[in-house]
Amino acid sequence: MRPRFRFGLHGLSLAACVLFAANHSFDADASQPYDGWTSGEAIPLGVDVGPIGGTRDYEVKPLGTADAFGNGPYDLFLADRKLLPFRRFHTDGTPIYGQPLGFDIPSRSAALVTDLDSGLWAVYLSGTSLRLAKYDAKKRSFESTDVRGSSLPRGARSLAATRTPGGQLLAFFSVPDGEPYYPTDAHHHSPDFRPFDGAGIWRGGLPFSVLGGAKFEDGLALGQHQMKFPIFEKARDFQFSNPGITVVDFGPGRERDIIASDRHGTFFYYHNRSINSIDLDPAVFASDERGNALRHPGINPTPAALPSADSGQSDLLVGDTGLLWFYRFTGRFNEQGGPIYRPPNRVLVENPTMVLGALPVITAGDLDNDGLLDLVAGNDVGDIYFVRNIGSKTTPTFDVPQLVEAGGDVLKVNAGYGMIQGPGEARWGYTCPTLCDWNNDGLLDIIFNSIRADVTVLLHIPGSNPPAFEKPVELKCDSLELHLVWRTQPAVTNWGQNGRNCIVVNDENNHLRCFWRIDDYNVRRGDILRLTTGEPIQTHSKRVAGQLGRTKIQAIDWDGDGAIDLLCGTGRTAAIPGEGGYPEDVLEGDERHAAVLLLRNAGSNADPVFEYPKVLQHEGKAIDMGTHSCSPLAVDLGRGKLDLMVEMEQGVVLFFPREELSWPNVKRTDR
Numbered sequence: 008m009r010p011r012f013r014f015g016l017h018g019l020s021l022a023a024c025v026l027f028a029a030n031h032s033f034d035a036d037a038s039q040p041y042d043g044w045t046s047g048e049a050i051p052l053g054v055d056v057g058p059i060g061g062t063r064d065y066e067v068k069p070l071g072t073a074d075a076f077g078n079g080p081y082d083l084f085l086a087d088r089k090l091l092p093f094r095r096f097h098t099d100g101t102p103i104y105g106q107p108l109g110f111d112i113p114s115r116s117a118a119l120v121t122d123l124d125s126g127l128w129a130v131y132l133s134g135t136s137l138r139l140a141k142y143d144a145k146k147r148s149f150e151s152t153d154v155r156g157s158s159l160p161r162g163a164r165s166l167a168a169t170r171t172p173g174g175q176l177l178a179f180f181s182v183p184d185g186e187p188y189y190p191t192d193a194h195h196h197s198p199d200f201r202p203f204d205g206a207g208i209w210r211g212g213l214p215f216s217v218l219g220g221a222k223f224e225d226g227l228a229l230g231q232h233q234m235k236f237p238i239f240e241k242a243r244d245f246q247f248s249n250p251g252i253t254v255v256d257f258g259p260g261r262e263r264d265i266i267a268s269d270r271h272g273t274f275f276y277y278h279n280r281s282i283n284s285i286d287l288d289p290a291v292f293a294s295d296e297r298g299n300a301l302r303h304p305g306i307n308p309t310p311a312a313l314p315s316a317d318s319g320q321s322d323l324l325v326g327d328t329g330l331l332w333f334y335r336f337t338g339r340f341n342e343q344g345g346p347i348y349r350p351p352n353r354v355l356v357e358n359p360t361m362v363l364g365a366l367p368v369i370t371a372g373d374l375d376n377d378g379l380l381d382l383v384a385g386n387d388v389g390d391i392y393f394v395r396n397i398g399s400k401t402t403p404t405f406d407v408p409q410l411v412e413a414g415g416d417v418l419k420v421n422a423g424y425g426m427i428q429g430p431g432e433a434r435w436g437y438t439c440p441t442l443c444d445w446n447n448d449g450l451l452d453i454i455f456n457s458i459r460a461d462v463t464v465l466l467h468i469p470g471s472n473p474p475a476f477e478k479p480v481e482l483k484c485d486s487l488e489l490h491l492v493w494r495t496q497p498a499v500t501n502w503g504q505n506g507r508n509c510i511v512v513n514d515e516n517n518h519l520r521c522f523w524r525i526d527d528y529n530v531r532r533g534d535i536l537r538l539t540t541g542e543p544i545q546t547h548s549k550r551v552a553g554q555l556g557r558t559k560i561q562a563i564d565w566d567g568d569g570a571i572d573l574l575c576g577t578g579r580t581a582a583i584p585g586e587g588g589y590p591e592d593v594l595e596g597d598e599r600h601a602a603v604l605l606l607r608n609a610g611s612n613a614d615p616v617f618e619y620p621k622v623l624q625h626e627g628k629a630i631d632m633g634t635h636s637c638s639p640l641a642v643d644l645g646r647g648k649l650d651l652m653v654e655m656e657q658g659v660v661l662f663f664p665r666e667e668l669s670w671p672n673v674k675r676t677d678r
């Protein structure tokens, strides 16, 4: 089941960037950043209500719902100590929340329990022991008590709990089975790492998490208890991991059932035959309205029950690596006895920030031909979003992101079984799009790379609104798929010559190389790009295997001299332009971070050569973008200069006005 949205993504082609750079001066007295935008902060959406997702301040993993403000049991507590106050329901039942407030809780590994007599409690893990905390509404804080329960099995996580009519407390949890995932004969970042055997079968393990439970006879006193672990003998309950468990209520006889998830997005339903104890039937799938198992659109889904305002039965709120979703219960069950849910909608929030899912990769251009620059973005789960600019030529305002369609269906890129880091990443996609007019028909197309490492083209369908694309086609080079290193964002440029398009991307040896367009689906291998010293530009020094690739590149005349430069977004383990490069070989330990680098073209567009990288700084400090990667985008949205947008791996896009940026030289190390 795929959710469908209308949303827009625009990317700026290199040719468009060149035109903007040529036509706009970079004078110091240019206008201030746009209304509602704050320098160095996340870009807001231009709507009153829109989707909520992870930001630089919090993830969207739910702990549970409760009545925190007297408006019903719909307020949402997040594990990152944020409380979303319920405002109202949308006409389709989706909850709408206010902006998050802070709250305190001793541990992120907790379960909420509402007691009709004594209020709201949190049962939480402290080491292997269960502890109890009472919610103080005035302080917005769960205050620890002296109550300490017996230990759960070592490694217990994904806690859920409920009270019974008899006053007992039932707790559910899972424990990893301990099987190693990676092959043990070489580290997975080693050049000797071999993930698959000659038959294409994963050489590592396929670990599971195992379901357990505990019954506390004296309820919240957490005293006398009966442990049930595992609940099912020889159980392989949740492949790879169990992100979350929640207690659900489907009416008489089904008041204390549970739903649990696995890493790849399957939801398992366990009917509890007992009112006051743990007596679970084996798992069946929660399903869609056709009776097929639900498959969540994201990774590591964490469910939390939300009582329906109509029936009191359990809808679901589900947080994943970057987004928060709502599943509405239909009131029906499938042939196996599992609950049936409607397709998921995004949970809504007032005054929303633009959120694009984890590890977004951004590009810009006038995708809908209305004269305004829109955004397009990929993300960790293999989506591509269109973010329409609904503002003006001088004041950008962005609408709710919508999923892009290609070949008549919503585009989704997933790794499947056989990718670099194994089947444990089967649901990842890492889409990295760039907008450009690839076939020179006046419409912007998309060139993208992904977890699959095959550079692919999406040709824009003329007249489509919202913009839609033909089915994805992998580009060919020398009659083979253009299979390079993974997770790179290709730059596309004509080098300012109004000639053939050229893709600049990491090649199979992790050098930056040109690939020249022959026709819509074929390219010719060109030269490696080099420094002024003649050295080839590489993006790593000593990291290999799955650490290769990951570079996000934009070709743009950053300094306005007419020559096309390169902006490169790195992860913390990159080293550009190779040995001794930034950031890995320059920064130490925890100082290493994803960064934005400028490779200035000191040659010409006909014969480009590049200076040693410079690090982009904001207000004198290097732009620190976390761990995995960052995607820089130089773009003029109406101020008459190239400003900078950079995605954060948590899912938001930060805005940096040009007058607050600098790009000093980096000293090369000898390491």
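For the sequence shown, my numbering gives the first residue as 8, with consecutive numbering after it. Ideal placement from N, C-alpha and C gives every residue a C-beta, glycine not left out.
Within the same chain, 481, 488, 490 come within 6 Å of residue 461 by CB-CB distance, once the 5 residues on both sides are set aside. For residue 553, the closest C-alpha among the options 428, 375, 260 is that of 428.
With 16 or more other Cβ atoms from the protein chains shown falling within 10 Å of its own Cβ, residue 625 counts as buried. Its Cα nearest to that of residue 217, the residue 237 stands out among 223, 207, 237. Between residue 389 and residue 420, the beta carbon gap of about 4 Å places them in contact (Cβ cut-off 8 Å). Considered as a whole, the stretch 381–406 harbours 381–385, 391–394 as its complete beta strand (DSSP E) runs of no fewer than 3 residues, in chain order. A direct Cα-to-Cα measurement between residue 114 and residue 131 gives close to 6 Å. Around the Cβ of residue 505, a 10 Å sphere holds fewer than 16 other Cβ atoms; the residue is exposed.
Taking every protein chain shown into account, the CB of residue 424 has fewer than 16 other CB atoms within 10 angstroms, so this residue is exposed. Shown here for residue 51: same chain residues with a beta carbon closer than 6 Å to its own, the five before and five after excluded, namely 43, 360 in chain order. Between the stretch 315–324 and the stretch 395–410 there are fewer than three C-beta pairs closer than 8 Å, too few to call the two in contact.
With fewer than 16 other Cβ atoms from the protein chains shown falling within 10 Å of its own Cβ, residue 507 counts as exposed. Note: residue 45 is not bridge-paired with any residue in the DSSP secondary-structure output. With fewer than 16 neighbouring CB atoms inside 10 Å of its own CB, residue 123 falls in the exposed class. When only Cα atoms are considered, residue 162 and residue 65 end up about 24 Å apart.
Looking at the DSSP output, residue 179 bridges to 167, 220. A direct Cα-to-Cα measurement between residue 671 and residue 205 gives close to 49 Å.
Remark: three or more beta-carbon pairs, one from each stretch, lie closer than 8 Å, so the stretch 163–174 and the stretch 244–251 are flagged as touching.
Only residues of its own chain outside the window of five on either side were considered, and among them 137, 229 have a CB closer than 6 Å to the CB of residue 156, listed in chain order. Looking at the DSSP output, residue 511 shares a beta bridge with 498, 521. For residue 357, the enclosing beta strand (DSSP E) stretches over residues 355–357.
Looking at the DSSP output, residue 463 sits in a beta bridge with 455, 481. When rounded, the separation of the alpha-carbon atoms in residue 575 and residue 57 is 31 Å.
By the criterion of at least three beta-carbon pairs nearer than 8 Å, the stretch 538–557 is not in contact with the stretch 522–529.
Here residue 500 has 21, 509, 562, 571 as same chain residues with Cβ atoms under 6 Å from its own Cβ, once five neighbours each way along the sequence are excluded.
CA-to-CA, the gap between residue 596 and residue 622 works out to about 18 Å. Inclusion of residue 478 and residue 529 in the CB contact set at 7 Å is not warranted, their separation being larger than that value. By DSSP's assignment, residue 229 forms no beta bridge with any residue. Bridge pairing for residue 652: 640, 662 [DSSP]. Remark: C-beta atoms of residue 345 and residue 311 do not approach each other more closely than 7 Å. Residue 412 counts as buried, since at least 16 other C-beta atoms from the protein chains shown sit within 10 angstroms of its C-beta.
Beta-bridge annotation (DSSP): residue 234 is paired with 221.
Linking residue 150 to residue 86 through their CA atoms gives a straight-line distance of about 16 Å.
In the three-state scheme derived from DSSP, where H, G and I count as helix and E and B as strand, residue 431 is classed as helix. Our two residues, residue 409 and residue 474, have alpha carbons roughly 10 Å apart in a direct line. For residue 625, the pairing in a beta bridge is given by DSSP as 628, 668.
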